[in-house]
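Everything on this sheet refers to the single structure shown next.
In UniProt numbering, the protein residues as written are 1 to 206.
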């Protein structure tokens, strides 16, 4: 579907992707204008739609691109030599991973948070499908050898995902209300996340 775009020189593709990511990150899907995008890029709307057909396809292309590249980066950074990831190490270090991503390109993190937590109804199913596919890819790499034998690994993952979802929603709500800046938000909520992880890992009884 995107053959024409894929044939472009890498530098031109990267310029187009960066501008599109910035616009969607700042304005969200509904309020992003393709007129603004093409004006910034110095191309016609016809050319943009030759590459992506329409605004929805453009957005989904960006999602696919970012989910794949971010998942690859995470695996490169945290995968062990034997090819697995420790589940608690995975979640415990995700805060520093987010900060690394943000330092490289703050708009990438804003785009992904906006997509995951604020996608419009017409895109919700497709965004969730991509999000879940990315999680499944990571979860296949998780080492559960150190779990107690009476513990169902899937239930552990369910608990971690519930906590993760709660933290994400709380953080985004605070950001929207202007109570936190992005860097401070990551530090604060990753510290809270670590406290939840300790409860799951060690329990609540003395």
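Each residue gets a CB set at the ideal place from its N, CA and C atoms; glycine is no exception.
With the rule of 3 Cβ pairs closer than 8 Å, the segment 110-124 counts as touching the segment 154-172. With at least 16 other beta carbons inside 10 angstroms of its own, residue 16 counts as buried. With respect to the 7 Å criterion, residue 63 and residue 130 are classified as neighbours on the basis of their beta carbons. Note on geometry: alpha-carbon atoms of residue 193 and residue 152 lie some 21 Å from one another. The Cβ-Cβ distance between residue 86 and residue 143 falls below 7 Å. Counted as a single uninterrupted DSSP element, the alpha helix (DSSP H) harbouring residue 112 occupies residues 106-118. Its chain contains no residue whose beta carbon lies nearer than 6 Å to that of residue 203 once the 5 sequence neighbours on both sides are disregarded.
Contact between residue 26 and residue 108 does not hold, since their C-beta atoms are separated by about 12 Å, which reaches or exceeds 8 Å.
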